[in-house]
Amino acid sequence: MIQLDNVSYSYEKGGGVSNVNLTIQDDEFAFLIGPTGSGKTTLLRLAYMDLFPTVGSVIVSKYDSANIKAKKIPYFRRKIGMIFQDYHLLNDRNLFDNIALPLHVMGFHKDDIIDRVTESLEEIGLESKSNHYPNELSGGEQQRACVARALVKEPDIILADEPTGNLDPVTSFELIKLLEEINIEGTSILMASHNYNLIKGRGHRIIEIQNGTVRKS
Amino acid sequence: MDKMIFLLSEGLKNLWRHKLTAFTAVFSIFLTLTVAGSLIIVSDNTGKIIQYLRDKYKIEVFFKQNVSNERIEEIVKEFKSIRGIRSTTIITKNDAKKIFKSQFGENVLDIVGFNPLPASCVINLVKRQKDKLNIRPIIDRLRKFSEVDEVNYQGRLINRIETTYQTFLKISIMLLIIILIVSVLIISNTVRLTIYAKKELIKSFQLVGATRAFIKTPFILEGIFHGLIGALCSSVLLFIILKFGSNFILSVAGLKIDYSFFKLFLILSSLGVVISFFGSNRAISKFLK
Chain Z
0 MIQLDNVSYS YEKGGGVSNV NLTIQDDEFA FLIGPTGSGK TTLLRLAYMD LFPTVGSVIV
60 SKYDSANIKA KKIPYFRRKI GMIFQDYHLL NDRNLFDNIA LPLHVMGFHK DDIIDRVTES
120 LEEIGLESKS NHYPNELSGG EQQRACVARA LVKEPDIILA DEPTGNLDPV TSFELIKLLE
180 EINIEGTSIL MASHNYNLIK GRGHRIIEIQ NGTVRKS
Chain C
0 MDKMIFLLSE GLKNLWRHKL TAFTAVFSIF LTLTVAGSLI IVSDNTGKII QYLRDKYKIE
60 VFFKQNVSNE RIEEIVKEFK SIRGIRSTTI ITKNDAKKIF KSQFGENVLD IVGFNPLPAS
120 CVINLVKRQK DKLNIRPIID RLRKFSEVDE VNYQGRLINR IETTYQTFLK ISIMLLIIIL
180 IVSVLIISNT VRLTIYAKKE LIKSFQLVGA TRAFIKTPFI LEGIFHGLIG ALCSSVLLFI
240 ILKFGSNFIL SVAGLKIDYS FFKLFLILSS LGVVISFFGS NRAISKFLK
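Protein chains in written order, with numbering that gives the first Met the number 0: chain Z, 0 to 216; chain C, 0 to 288.
What follows is the structure in structure tokens.
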């Protein structure tokens with residue numbers, strides 16, 4: 000569960016979010032929609048505690064931004080999968096090693112890493128490209144690889160920040176379908192997007208944000 | 000265990016991934032350690048020279064005419080307990096007579112009718128001492144014996160040699176410290192360039208839940224590998240220079256300079272690892288603040 004209570008955050012140069020009250024339930028799939036600069040990324044950064052609210056508190060699972068210690072943040076992030084518009088894949092290692100990274104961080108045994116990564120690659124349909132480097136993959140494949148990297152650690156929650164921003168409509172649609180399948184298996188998903196046409200009519204909750212304020216939830 | 004293997008392999012792979020930085024860092028360490036190694040070799044061999052000179056230091060104590068051989072033996076036993084004295088040799092009146100004959104070819108008894116040569120004791124001083132060998136307190140204690148007539152020693156020369164050696168040691172240590180501090184700063188700045196180039200990697204590590212220690216370890220290991228490679232290069236260079244240069248120095252200055260490669264590598268790799276560890280740790284810690 001993600002819970003934002005009366006959350007405000009402002010950047011030095013202006014912008015941010017103000018007075019946000021929001022709850023994402025376990026197993027829920029919710030879209031966060033709003034124009035560029037409306038505060039979607041800020042809200043997600045607050046959710047994975049890359050930013051801390053100036054007012055209010057963010058509670059994700061059992062972690063509360065008001066009293067979490069800096070050294071606990073890495074352990075908190077292990078429970079969350081993150082997907083970004085610009086992928087954040089590492090170009091100096093192949094697809095397999097990119098997906099395996101969170102498992103190395105978490106101290107998994109080598110054999111478990113091989114099993115889990117292979118399974119994730121099969122799930123996203125990229126098992127034949129495990130030795131490819133990110134720059135040898137298409138945008139859609141790179142984004143699916145990001146999904147696999149988020150998924151491989153079996154997170155409670157996936158936060159996706161404009162994951163379809165660099166993809167064509169067909170690939171974007173396929174990616175959302177993939178996220179829906181993951182959600183059915185019990186992972187909560189909060190996905191930010193500015194493309195209303197892509198998300199409308201899918202039967203999921205839509206949270207609208209404008210100028211840093213949640214308009215409709 | 001698997002985590003350690005992963006971190007170790009990351010550190011090794013980073014050497015190849017950051018080739019240019021690795022080259023710069025290894026080259027800086029190589030230069031630093033070559034200078035530091037030269038300084039260590041020179042200091043060590045200067046230590047050998049000072050030991051050789053100290054071996055030549057000699058104090059001659061002359062006893063009064065009426066002191067018996069038995070009493071002299073007792074007094075010399077007491078001399079041995081004085082700090083700074085390594086060995087003593089008693090020269091009895093009879094020995095002195097023999098020495099006179101061997102040096103001048105004549106019996107002193109035939110010249111003056113009796114033996115005027117006093118009994119004496121030759122004192123050698125300690126060789127292996129890092130701090131300054133202060134001869135003045137030894138002389139003062141020797142002179143306190145009422146049976147002692149005269150004490151001869153090369154006071155001014157010994158003092159000058161000892162003072163020069165101590166000054167040399169102090170300058171060497173200061174230079175070594177300065178070199179080490181400067182190299183830590185150079186390594187730190189070189190590694191910082193890698194870190195800035197690897198911002199994405201660090202961000203990714205943070206986002207997937209890596210702890211500070213997990214992020215830091217590959218960079219520090221990479222730094223340690225730089226240190227070891229730099230140390231190996233400078234040890235090889237210094238060893239080659241020593242191998243070919245020592246014969247030249249022996250022929251010109253009559254001084255044999257030798258050094259074991261293993262000892263040299265051990266000292267330089269320890270220094271290299273310490274420099275790299277502090278340099279890379281400083282850089283990555285600053286970045287992660």
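Glycine included, C-beta positions come from ideal geometry on N, C-alpha and C. In this text the structure is predicted, and so the values were computed from the model without any measurement.
Show which residues of chain Z have a CB atom less than 7 Å away from the CB atom of residue i.
i                : result
Ala209 (chain C) : Pro73, Val104
Phe213 (chain C) : Val104
Check whether the Cβ of residue i lies closer than 7 Å to any heavy atom of the ligand FAD, and answer yes or no.
i               : result
Thr91 (chain C) : The ligand FAD is not among the ligands present in this structure, which contains no ligands whatsoever.
Opposite residue i in the DSSP bridges: which residues?
i                : result
Lys199 (chain Z) : According to DSSP, which records beta bridges pairwise, Lys199 (chain Z) is partnered with nothing at all.
Glu207 (chain Z) : Z:Ile32, Z:Lys215
Asn151 (chain C) : C:Glu59
Leu3 (chain Z)   : Z:Leu21, Z:Val57
Leu124 (chain C) : C:Ile84
Ala159 (chain Z) : Z:Ile82, Z:Met190
Tyr8 (chain Z)   : Z:Val16
Tyr62 (chain Z)  : Z:Val59
Ile89 (chain C)  : C:Cys120
Using only CA atoms, which one of the options lies nearest to residue i?
i                : options                               : result
Gly164 (chain Z) : Z:Ile82, Z:Ser9, Z:Lys109             : Z:Ile82
Ala29 (chain Z)  : Z:Gly211, Z:Leu136, Z:Glu179          : Z:Glu179
Ser145 (chain C) : C:Gln64, C:Leu179, C:Asp1             : C:Gln64
Asn90 (chain Z)  : Z:Asp25, Z:Glu135, Z:Ser64            : Z:Glu135
Leu265 (chain C) : C:Leu200, C:Val25, C:Cys232, C:Lys79  : C:Cys232
Ile201 (chain C) : Z:Arg201, Z:His87, Z:Ser192, Z:Ile205 : Z:His87
Ser187 (chain Z) : Z:Pro154, Z:Thr117, Z:Leu45, Z:Arg115 : Z:Pro154
Ile181 (chain Z) : Z:Ile32, Z:Thr170, Z:Val151, Z:Leu166 : Z:Val151
Pro73 (chain Z)  : C:Ala209, C:Ile4, C:Ser234            : C:Ala209
Glu335 (chain C) : C:Thr91, C:Gly83, C:Ile81, C:Arg82    : This structure cannot settle anything about residue 335 (chain C), because the visible part of chain C is limited to 0 through 288.
Ile208 (chain Z) : Z:Thr35, Z:Glu27, Z:Lys12             : Z:Thr35
Asp167 (chain Z) : Z:Gly185, Z:Ser137, Z:Gly38           : Z:Ser137
Ile156 (chain Z) : Z:Leu189, Z:Gly139, Z:Leu177          : Z:Leu189
Glu69 (chain C)  : C:Lys55, C:Arg82, C:Ile89, C:Asn44    : C:Ile89
Ser187 (chain C) : C:Leu249, C:Phe213, C:Tyr51, C:Thr23  : C:Thr23
Arg201 (chain Z) : Z:Lys215, Z:Phe172, Z:Ala144          : Z:Phe172
Ile170 (chain C) : C:Ile39, C:Ser8, C:Trp15, C:Ile4      : C:Ile39
Ala282 (chain C) : C:Gly244, C:Ser42, C:Lys96, C:Pro217  : C:Pro217
Lys197 (chain C) : C:Leu287, C:Leu52, C:Gly104           : C:Leu287
Am I right that residue i and residue j are in contact with their C-beta atoms under 8 Å? What's the rounded C-beta distance?
i                : j                : result
Val146 (chain Z) : Ile123 (chain Z) : 6 Å
Ser119 (chain Z) : Glu161 (chain Z) : Actually they are not in contact, since the Cβ atoms of Ser119 (chain Z) and Glu161 (chain Z) sit about 22 Å apart, beyond 8 Å.
Ile134 (chain C) : Asn158 (chain C) : 7 Å
Lys12 (chain C)  : His103 (chain Z) : That belief does not hold up - the Cβ atoms of Lys12 (chain C) and His103 (chain Z) are roughly 13 Å apart, past 8 Å.
Asn194 (chain Z) : Tyr132 (chain Z) : About 29 Å; that fails the 8 Å criterion.
Ser64 (chain Z)  : Pro52 (chain Z)  : 6 Å
Ser17 (chain Z)  : Gly185 (chain Z) : Contact flag wrong, Cβ pair sits at about 33 Å.
Ser127 (chain Z) : Gly55 (chain Z)  : That pair is no contact at about 47 Å.
Leu124 (chain C) : Phe78 (chain C)  : With a Cβ gap of about 12 Å, Leu124 (chain C) and Phe78 (chain C) do not count as contacting.
Ile214 (chain C) : Phe204 (chain C) : 5 Å
Ile79 (chain Z)  : Leu158 (chain Z) : 6 Å
Leu270 (chain C) : Ser234 (chain C) : About 11 Å separates the two Cβ atoms, so there is no contact after all.
Leu125 (chain Z) : Arg143 (chain Z) : 6 Å
Going along chain C, which residues have a C-beta under 9 Å from residue i?
i                : result
Leu100 (chain Z) : Ser203, Phe204, Val207, Ala209
His131 (chain Z) : Here the premise fails: no neighbours, minimum Cβ distance about 18 Å.
Met81 (chain Z)  : Leu206, Val207
Identify the contact partners of residue i in chain C, using a Cβ-Cβ distance below 7 Å as the criterion.
i                : result
Met190 (chain Z) : Residues of chain C passing the Cβ test: none, with the nearest at roughly 17 Å.
Asp91 (chain Z)  : Arg16
Lys109 (chain Z) : Asp1
Arg201 (chain Z) : Under the 7 Å cutoff, chain C gives no residues; its nearest Cβ is about 27 Å from Arg201 (chain Z).
Arg77 (chain Z)  : Gly208
Met48 (chain Z)  : Neighbours of Met48 (chain Z) on chain C: none; closest Cβ ~11 Å, over 7 Å.
Going along chain Z, which residues have a C-beta under 8 Å from residue i?
i                : result
Phe5 (chain C)   : His103
Leu200 (chain C) : Leu89, Asp91
*Looking at C-beta atoms only, is the number of pairs between the region 29–40 of chain C and the region 171–179 of chain C that lie closer than 8 Å three or more?*
yes
_Contact between the region 181–189 of chain C and the region 272–283 of chain C (3+ Cβ pairs under 8 Å)_ = yes
*Mind the definition here: the region 190–197 of chain C touches the region 7–20 of chain C only if three or more C-beta pairs lie below 8 Å; say whether that holds.*
yes
*Please confirm if the region 114–128 of chain C is in contact with the region 52–71 of chain C, defined as three or more CB-CB distances below 8 Å between the two stretches.*
yes
_the region 0–11 of chain Z touching the region 41–48 of chain Z, judged by at least three CB pairs closer than 8 Å_ = yes
*Is it true that the region 205–220 of chain C meets the region 98–115 of chain Z, where meeting means three or more beta-carbon pairs spaced less than 8 Å apart?*
yes
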